[in-house]
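One structure below.
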Amino acid sequence: MKIAISATGPDLNAQVDPRLGRCQYFIIVDPETMEFEGIQNPSVGATHGAGIQTAQLIANKSATVVLTGNCGPNAFQTLSASGIQVIVGVSGKINEVIERYKKGEFQSTDQASVSSHFGTGGSPSFGTGMGGGRGMGQGGGMGMGQGMMGGGFQTTYGMGTPPGAVPQISKDQELKFLENQTQALKEQLEQIDKRIKELKKNS
């Protein structure tokens with residue numbers, strides 16, 4: 076059995092990336108033996124179709140379960156069609172998340188958790204919450220955008236959610252999500268600072 080986890084780095088010490096289609100890496104791991112493979116996501120900078128391409132990559136790796144922060148409708152449909160379970164709302168260190176999965180702490184979802192353009196922002200953008208297409212995007216030519224999540228969770232998201240409906244998200248879920256976003260932003264800022272220093276050094 077293999078599970079796929081969206082990650083900010085190529086090993087088990089990395090954090091869960093809150094995005095699926097445009098996550099930086101995938102960890103494909105056997106939870107029993109803890110043997111794993113770190114894969115850089117080729118769709119991280121894709122303009123269109125990142126969710127579908129990423130889901131196909133996961134299916135090709137024979138994973139049966141996906142653990143991630145958020146999953147858009149295109150990726151969710153592709154994964155479901157391949158018989159792959161999707162678990163969203165996951166955050167923390169990869170090795171800790173695997174242990175929690177083995178203990179049965181996660182439940183699979185039956186619908187996408189964000190809109191189809193989550194994670195594509197290229198500049199700071201403050202709006203009305205999760206799933207409004209305002210994620211930490213890829214862009215700027217160096218694979219690290221600086222889009223910010225908006226405040227609140229009022230935007231409708233997910234498949235089959237009727238117009239005007241407000242998803243019911245608990246305070247604990249919102250807190251975990253925001254903490255995860257904060258960690259991912261910190262890591263991206265570190266990468267941006269590192270890249271700036273490299274560019275200055277080579278100029």
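Residue numbers for the sequence shown follow the numbering used here, beginning at 76 and rising by one. Cβ coordinates follow ideal geometry from the N, Cα and C atoms, glycine included.
message = For Gln-263 and Arg-97, I'd like the C-alpha separation in whole angstroms.
response = 13 Å
task = Run through the stretch 142-194 for me and flag every whole beta strand (DSSP E) of 3 or more residues, listed as ranges in chain order.
result = 160-162
inquiry  = Considering only their Cβ atoms, is the gap separating Gly-158 from Ser-81 smaller than 8 Å?
reply    = no
ask   = Thinking just about the alpha-carbon of each residue, which of Thr-83, Ile-78 and Ala-79 is nearest to the one in Lys-261?
value = Thr-83
Segment contact flag, the stretch 263-278 with the stretch 100-111, C-beta cutoff 8 Å, min 3 pairs = no
request  = Can you have a look at Thr-129 and say buried or exposed, based on whether 16 or more other CB atoms are within 10 angstroms of its CB?
outcome  = buried
ask   = If Ala-187 sits next to Pro-148, beta carbons under 8 Å apart, how far is it from one beta carbon to the other, in whole angstroms?
value = 4 Å
key: For Val-172 and Val-91, believed in contact at Cβ under 8 Å, the rounded distance   = 6 Å
inquiry  = Rounded to whole angstroms, what is the Cα-Cα separation between Leu-132 and Glu-112?
reply    = 13 Å
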